[in-house]
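Novice: There's a structure below that I have some questions on.
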Amino acid sequence: MPDKEVVQVRVDFNPGASTINHTHPGEEVAYVLEGKLQYKLEGRDPVTLRAGGSLFIPSGVAHSAKNVRDGRTSELATYIVTRGKPSPFQSSRRRRRQYGMH
Numbered sequence: 001m002p003d004k005e006v007v008q009v010r011v012d013f014n015p016g017a018s019t020i021n022h023t024h025p026g027e028e029v030a031y032v033l034e035g036k037l038q039y040k041l042e043g044r045d046p047v048t049l050r051a052g053g054s055l056f057i058p059s060g061v062a063h064s065a066k067n068v069r070d071g072r073t074s075e076l077a078t079y080i081v082t083r084g085k086p087s088p089f090q091s092s093r094r095r096r097r098q099y100g101m102h
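Once you know that position 67 of the sequence shown is 67 in the UniProt record's numbering, the rest is easy, because the numbers rise by one and skip nothing.
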């Protein structure tokens with residue numbers, strides 16, 4: 001796929017922290033590194049994953065994630081995006097801090 005690239009981002013969630021409902025321009029694979037996250041994808045029942053669990057999120061599908069444990073939770077988000085376009089988290093440092101993510 002010469003027009004695609006892979007971008008990986010570690011996202012740390014404080015206890016109870018969640019993202020707003022949002023979309024990405026490329027596919028995402030969310031992999032829980034530690035803790036427990038509940039994902040809500042548009043048109044689907046919520047899915048709760050523990051460390052070692054993963055979830056495929058298609059391009060353009062609205063979704064959110066919430067830390068559903070008392071401790072810190074981390075995910076490795078892997079995006080497959082069009083080469084040369086900004087990555088999904090490149091301009092969202094303020095938003096991540098606002099929702100208790102690092």
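Backbone N, C-alpha and C fix where the C-beta goes; we use that ideal spot for every residue, glycine too.
Given the structure is predicted, the values throughout are model-derived calculations rather than measurements.
Put GLU42 into one of helix, strand or coil per three-state DSSP.
Specialist: coil
Novice: Determine the DSSP secondary structure at ARG72, reduced to helix, strand or coil.
Specialist: coil
Novice: Count the other C-beta atoms from every protein chain shown that fall within 10 angstroms of the C-beta of ASN21, then say buried if there are 16 or more, exposed otherwise.
Specialist: exposed
Novice: Starting from the Cα of GLU28, find the closest Cα among VAL6, ARG72, GLY84, ASP70 and give me that residue.
Specialist: VAL6
Novice: May I have the straight-line CA-CA distance separating THR73 from VAL32, to the nearest angstrom?
Specialist: 8 Å
Novice: Would you call GLU42 buried or exposed, if buried means 16 or more other Cβ atoms sit within 10 Å of its Cβ?
Specialist: exposed
Novice: Pairs of beta-carbons, one from the segment 54-62 and one from the segment 7-14, closer than 8 Å: are there three or more?
Specialist: no
Novice: Reducing DSSP to helix, strand and coil, say where VAL29 ends up.
Specialist: strand
Novice: Buried or exposed for THR19, please, with buried defined as at least 16 other CB atoms from any protein chain shown within 10 angstroms of its CB.
Specialist: So THR19 counts as buried.
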